[in-house]
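The structure appears below as structure tokens.
Number of protein chains: 2
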Amino acid sequence: MTQTISSNMEDYLEAIIFLKEKKEIVRVKDIGKELGVKNPSVSEALGILSKKGLVKHKRYGNVELTKKGDKLAKTIARRHNTLVKFLKEVLKIDQKTASQDACRMEHSISKGTAKKLNNFINFIENSPYSGRPQWLKSFDNFEKTGKRLNCRIRKSKIKND
Amino acid sequence: MTQTISSNMEDYLEAIIFLKEKKEIVRVKDIGKELGVKNPSVSEALGILSKKGLVKHKRYGNVELTKKGDKLAKTIARRHNTLVKFLKEVLKIDQKTASQDACRMEHSISKGTAKKLNNFINFIENSPYSGRPQWLKSFDNFEKTGKRLNCRIRKSKIKND
DNA sequence: TATATATGTTAGGCTTACCTAACAATAATG
DNA sequence: CATTATTGTTAGGTAAGCCTAACATATATA
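These protein sequence lines map, in sequence, to chains A and C. Each residue of the first sequence is one higher than the last, beginning at 6 in my numbering. Each residue of the second sequence is one higher than the last, beginning at 6 in my numbering.
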């Protein structure tokens, strides 16, 4: 019985783990601020997440993730980061838009797709020869000018196609 | 005053344009079947979309898109197709998963990102020299073996980076 | 320590998007 | 053309996720 949670509940988990990282103590109002919702909404969400065994929270106390909640939160955060990387590094989308888009897309991407996308990023990041691979530089140029910037070597050497 | 519609309403528009393409006449039950919802839900949605001037629908009649609705539906369908292409062509995700993921992601991707992703696909599809670009073949191999398959030409010719 | 301020919870309401059941109109068929 | 089957609509209900207003607790300070 693998339990599922909604996108919105995923957002709460993600906010909690994010806040935990930089503040150690996580309070209802911090979560609300992070997500742009009011305290009663946070209280309600925490009730739901508690029932599912993802969060520990006693009345008026601070918020903790259970082991299970922590694991799930990390998965979501990882997906988020993968998407941001893709959007920024490959598509050259600005930080703000990239993270906004990632925030929404992270809930709709399947496990397998997330994995493959992550591989794709790794492939790019571990590119041999300097930083950005040649083909991506060629894409940058294609974007700017609509024209392809060919690798000079290929251009001069490959004729038969 | 640019009006916005919800993800779900986007799905209805998309279903309508999809059905229109292959059946000419679109009925409430077709939409319901396509989206996996019951007729009353479709009726309700059509009411909403009609009020927004995106759909024409008289009681017990068939469903049409207005000019505005058609335009919007096409935008959504385009985003969907772009995502499917990316997932299939770049990440090599199977048809079924790709279209499922795209169905969800198409609502969360921003306009600018959709455009850039589309450029990226075009860049790949219009690759000079045979079909799949070398760097993507290299990625395929990276996925399979964890190792990078270098372009032979670069390998032998390029030394200074 | 009494009180004020900040934070959290509860109660009750709203919206979206779904549902079932009951009813209405259209289409198909004896 | 009358009846049945199919399709569509309306009415009314549910769940998620948000809100405000009112109340409760905790914390800080006079």
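The beta-carbon is built from N, C-alpha and C at its ideal position, and this holds for glycine as well.
Rounded to whole angstroms, what's the CA-CA distance from residue i to residue j? Just pull it up for me.
i	j	result
GLU148(A)	ASN124(C)	7 Å
ASP16(C)	LEU40(C)	8 Å
LYS162(A)	THR80(C)	Confidence at LYS162(A) is low in this model, with a pLDDT of 29, below 50, so its placement is unreliable and the value that follows should be read with caution. Roughly 41 Å between the two C-alpha positions.
GLU19(C)	GLN100(C)	19 Å
SER143(C)	SER132(A)	11 Å
ASN2(A)	ASP35(A)	In the structure as shown, chain A starts at 6 and stops at 166, and residue 2(A) therefore has no counterpart that could be examined.
ILE22(C)	LEU54(C)	13 Å
GLY66(A)	LEU51(C)	47 Å
THR71(A)	GLY58(A)	7 Å
SER104(A)	LEU122(A)	16 Å
GLY74(A)	ARG64(C)	49 Å
ALA78(C)	ASP145(A)	30 Å
GLU29(C)	ILE10(C)	25 Å
GLY37(A)	GLU49(A)	11 Å
GLN8(C)	LYS56(C)	12 Å
ASN13(C)	SER12(A)	15 Å
LYS27(C)	VAL42(C)	20 Å
ALA82(A)	HIS62(A)	21 Å
LYS76(C)	LYS116(C)	14 Å
LYS164(A)	THR102(C)	A caution first: LYS164(A) carries a pLDDT of 28, below 50, which makes its placement in the model too unreliable to give a value.
ARG137(A)	ILE98(A)	15 Å
THR150(C)	GLN139(C)	16 Å
LEU141(C)	LEU141(A)	11 Å
LYS120(C)	LYS120(A)	24 Å
Mind reading off the beta-carbon distance from residue i to residue j? Whole number of angstroms is fine, and I expect it under 8 Å.
i	j	result
VAL68(C)	VAL60(C)	6 Å
LEU25(A)	VAL33(A)	Per the sequence shown, residue 25(A) should be read as Lys rather than Leu. Contact doesn't hold; Cβ gap of about 14 Å is too wide.
LEU92(A)	THR118(C)	6 Å
ARG84(C)	ILE114(C)	6 Å
ILE129(C)	VAL89(C)	Incorrect: roughly 14 Å between the Cβ atoms, too far for contact.
For a contact meaning CB atoms closer than 9 Å, what does residue i contact in chain A?
i	result
ILE114(C)	ASP106, ARG109, MET110
Mind pulling the chain C residues with CB within less than 9 Å of residue i?
i	result
THR102(A)	SER115, GLY117, THR118
Residues of chain A with a CB under 8 Å from the CB of residue i: which are they?
i	result
PRO72(C)	Going by the sequence as given, residue 72(C) is Lys instead of Pro. By Cβ distance, chain A contributes nothing, its closest Cβ being about 28 Å from LYS72(C), past 8 Å.
Taking residue i as the query, report the chain C residues whose CB atoms sit under 8 Å from its CB, ordered along the chain.
i	result
LYS121(A)	LEU96, LYS97, ILE98, GLU148
* Scan the region 82-101 of chain A for residues whose Cβ lies nearer than 9 Å to a Cβ of chain C and list them as they occur along the chain. => Cβ contacts with chain C come from LEU92, VAL95, LEU96, LYS97, ILE98, ASP99.
* To do: Spell out a yes or no on whether the region 105-116 of chain C and the region 109-124 of chain A are touching, meaning 3 or more CB-CB pairs, one atom from each, closer than 8 Å.
  => The region 105-116 of chain C makes contact with the region 109-124 of chain A: 3 or more CB pairs, one atom from each, lie closer than 8 Å.
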